[in-house]
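Sequence lines, in order, name chains W and H. The C-terminal residue of the first sequence carries number 1341 in the working numbering, and the numbering is unbroken. The C-terminal residue of the second sequence carries number 324 in the working numbering, and the numbering is unbroken.
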Amino acid sequence: MNPRSERSSAPDDAATADVAGPAKSILGRPAVRRKLQAQASSAWRHALLIGVALAFMLPFVWMVISALKPNDMVFSQPIQWWPSPPRWSNFQEVINYPRFPFFRLLWNSIFFAGTVTFGTVVSCAAVAYGFARLRFPGRDLLFSITVGTLMIPTIVTFIPTFILFKALGQLGTYVPLIVPKFFGDAFFIFMMRQFYLTLPMELADAARVDGANEFRIFWQIMLPLVRPALLVMAVFMFLWTWNDFFGPLVYLSNTSQFPLTLGLYAFRAQRDTYWGLLMAAATLTTLPLVLVFFVGQRYFVEGVKLTGTKG
Amino acid sequence: MSGIRSPWAHLSAMQRREARAGMLFVLPWVISLLVFTAYPVVASVTLSFTDYSIVQAPNWVGLQNYATMFTGDPSFWPAVRNSLFYAVFSVPLGLVLSLALALVLNMRAAGMSIYRTLFYLPSVVPPIAGTIVFIVMFEPQAGLVNTLIRQVGLPAPAWFSDPAWSKPGLIIMSLWGIGATTLIFLAGLQDIPKSLLESASIDGAGAWQKLWNIILPLLSPVILFNLVMNIIGAFQVFSQPLVIGGTTGAPLESMLMYMVHIYRNAFRYFKMGYASALSVVLFAAVMLVTIVIFRSARLWVFREDDGSGT
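Structure below.
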């Protein structure tokens, strides 16, 4: 009983208050208070955000700071927050270090990530279109199997695939790392299908009535519509391939063939104490991705919305 | 052949044309499923019953690899324990932290897109580079972390040099890379209707009540998705423990994660049969955990259509 009576009396109080006092001061005072509260909570929010952002940026910042220190100053006591003078020559030294041929490794990474991205985007755009917009017997079963394969740990298919490529004489080449990606990727087929399903059916139907074949409909009508999703896929695939480590570790054996991540791993295995140089190498391995990240930033956030996580 | 023909019999000429085109579109993926998924899965299971060193033909040994695994391999159970320890702590901690972070990033504040960029940035750092940075920061004597801990007057652990502290170190490191999970939560949060939260505020619900009674139930399908993906990922953690502990999982096998154990058996010792058996067991474990989670999902995942009637 009590809550109900309280609630019913509330409007009366407000009404009497409105009538009783001069309207301006009563409306003005809570507004001022609200504004002050909003400012206080806004300051509190920014303090929280800046604090957490600093914690997340710290390892990144520490990597760059350490990259500018001489090897014996990386672990100096007390902590040296800014190297004086910054040793820019670390970068020069790492680039000229024969066991870490930076430009060669950089090119390998760009080639590796670039071709895999191209193959994935082309194949998944086509395959997902088939799943989303064309009807054929067994389609839904095939799609369920596709989603099911996402649960298979990579290593289960990796060992026999390795044996297969060894029998084909392809160890020590990029063939095993690139060719399979030209046949599609379960995760991106799933993602692209979701995206095709959101497009209106009428466009394709109209073209079909006009006598256009399915390939023209796909190429001229559908692909331009899904361009944002293709860019999202490209940005993510480039990033993941750049960071891929297991595949190159198993298949490649010459330093001159390594992508940057594997080159960094090998450098660390040989030069355990050259900490400043190692940090410079780590920074150089990360830098191209940070550039890709800032250029394609918008697509990272959009990409998550496209993955359709409600399933 | 008649089994394949019959579904075609009902189709009109136009439908047949569409079906043919559809099959042509998915053909590359069907080839991939057969060559790079179905065949390798069958081959892995078959190889797991053999002794196969690659240079010589596989030799059928029946269940011996599985017997060796459970009774004869001194590193098997440590690897299982390490991976379970890692998954049990890193997955829930990562989920709670990334959800909290998503709630923070979902607030209204000026310059929010800059903050979101800063939070996601660590997630694009290559795992190898990130791990090397953490090795430097966690250096026991003069690393940044321990220097700061000592300044506050607390005892500083030896992190990656101490078998008792190496896995906690790895777990802390894994929390640095929660950007992707956070972004997925953030997308889920933005799907929650604002009107729902506003009417709850008007009814006098506090922040905690809104979180518990509205946000979490509506977000539960996203939590399920992240939980499953992160567990599958945690079971397969490889690059970070390899960089820290090498193929021996130093110190004292405390960094010997299950994937590292498979890697060294397959590509260092070339025991392809035994490594296949190890990966089949991993597969079974992942399937089991996934099924259990999906079964339990009926109890805690909220479906919007369930509530519509009441």
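Heads up, the beta-carbon is just placed ideally off N, CA and C, and yes, glycines get one too. Being a predicted model, the structure only gives us computed values, none of them experimental.
Near residue i, what residues of its chain come up, given a Cβ to Cβ distance below 8 Å and the 5 sequence neighbours on each side ignored?
| i | result |
| --- | --- |
| L266 of chain H | P177 |
| F1133 of chain W | I1125 |
| L1253 of chain W | A1155 and L1260 |
| W1111 of chain W | I1095 |
| V274 of chain H | A93, F252, P255, L256, G259, T261 and G263 |
| A1030 of chain W | Any property of residue 1030 of chain W remains undetermined from this structure, which presents chain W solely from 1031 to 1341. |
In chain order, what residues of the same chain have a beta carbon less than 7 Å from the beta carbon of residue i, not counting five sequence neighbours either side?
| i | result |
| --- | --- |
| R278 of chain H | T261 |
| I1251 of chain W | L1233, A1234 and A1237 |
| G86 of chain H | none |
| F1173 of chain W | F1161 |
| S97 of chain H | F249, M271 and Y272 |
| T1315 of chain W | L1290, T1291 and L1294 |
| F174 of chain H | I149, F152, S180, G183 and I258 |
| L1135 of chain W | F1288, P1289, L1290 and G1293 |
Quick one: is residue i near chain H, going by C-beta distance under 9 Å?
| i | result |
| --- | --- |
| N1273 of chain W | yes |
| R1298 of chain W | yes |
| G1214 of chain W | yes |
| V1082 of chain W | yes |
| K1196 of chain W | yes |
| V1177 of chain W | no |
| R1034 of chain W | Residue placement at R1034 of chain W is flagged as unreliable, the pLDDT there being 39, under the threshold of 50; a coordinate-derived value is accordingly withheld. |
| A1259 of chain W | no |
| K1054 of chain W | The predicted model places K1054 of chain W with a pLDDT of 49, which falls under 50 and marks its position as unreliable; any figure quoted below should be read in that light. No - not a single Cβ of chain H is within 9 Å of the one on K1054 of chain W. |
| A1310 of chain W | no |
| T1303 of chain W | no |
| M1221 of chain W | no |
| A1342 of chain W | Chain W is shown only over 1031 to 1341; residue 1342 of chain W falls outside these bounds and no answer can be derived. |
| P1167 of chain W | yes |
| S1174 of chain W | no |
| A1040 of chain W | A caution first: A1040 of chain W carries a pLDDT of 40, below 50, which makes its placement in the model too unreliable to give a value. |
| Q1122 of chain W | no |
| P1113 of chain W | no |
| G1277 of chain W | no |
| Q1287 of chain W | no |
| M1231 of chain W | no |
| Y1159 of chain W | yes |
Could you spell out where the alpha helix (DSSP H) holding residue i opens and where it closes?
| i | result |
| --- | --- |
| Y288 of chain H | M286 to W314 |
| Q78 of chain H | Q78 to A81 |
| T1316 of chain W | W1305 to V1325 |
| I198 of chain H | G193 to Q204 |
| N120 of chain H | Element bounds for N120 of chain H: n/a, residue is neither H nor E. |
| K224 of chain H | A221 to K224 |
| V277 of chain H | In the sequence as presented, Val is not what sits at residue 277 of chain H; that position holds Tyr. Its alpha helix (DSSP H) spans residues Y272 to F281. |
| Q29 of chain H | A27 to S46 |
| R1117 of chain W | Premise fails: R1117 of chain W is in no alpha helix (DSSP H) and is neither H nor E. |
| K181 of chain H | S180 to W190 |
| V1205 of chain W | V1205 to I1208 |
Could one say the Cβ of residue i lies closer than 9 Å to chain W's Cβ atoms, at least one of them?
| i | result |
| --- | --- |
| Q29 of chain H | yes |
| S46 of chain H | yes |
| L230 of chain H | no |
| Q70 of chain H | no |
| L135 of chain H | yes |
| T131 of chain H | yes |
| E212 of chain H | no |
| A221 of chain H | no |
| Y100 of chain H | no |
| Y283 of chain H | no |
| I276 of chain H | yes |
| Q155 of chain H | yes |
| R309 of chain H | no |
Run through the DSSP bridge pairs and tell me what residue i is partnered with.
| i | result |
| --- | --- |
| D65 of chain H | H:N73 |
Leaving out five residues on either side along the sequence, give the residues of the same chain with a beta carbon under 6 Å from the beta carbon of residue i.
| i | result |
| --- | --- |
| T1327 of chain W | Note that residue 1327 of chain W is Gln in the sequence shown here, rather than Thr. Contacts found: none. |
| G1149 of chain W | K1211 and F1212 |
| W1305 of chain W | N1101 and V1104 |
| P1052 of chain W | Residue placement at P1052 of chain W is flagged as unreliable, the pLDDT there being 46, under the threshold of 50; the coordinate-derived value follows with that caveat. Contacts found: none. |
| A1070 of chain W | none |
| F103 of chain H | I185 |
Are any of the Cβ atoms in chain A nearer than 9 Å to that of residue i?
| i | result |
| --- | --- |
| T1291 of chain W | No chain A is part of this structure, whose protein chains are labelled W and H. |
Of all the alpha helix (DSSP H) runs that stay within the bounds of the stretch 1124-1169 of chain W, which reach a length of 4 or more residues?
-> Every unbroken stretch of the alpha helix (DSSP H) spanning 4 or more residues and falling wholly within the stretch 1124-1169 of chain W is given here in chain order: 1132-1163.
Counting only runs that start and end within the stretch 1231-1316 of chain W, where is the alpha helix (DSSP H) found for 4 or more residues in a row?
-> As for any alpha helix (DSSP H) of minimum length 4 sitting wholly inside the stretch 1231-1316 of chain W, the runs are 1232-1239, 1257-1273, 1276-1281 and 1290-1300, ordered along the chain.
With a floor of 4 residues, list each alpha helix (DSSP H) that falls wholly inside the stretch 231-261 of chain H, ordered by position along the chain.
-> Here the runs fully enclosed are 253-259.
Length-filtered (3 minimum) beta strand (DSSP E) runs lying within the stretch 104-166 of chain H = Runs of the beta strand (DSSP E) inside the stretch 104-166 of chain H: none found.
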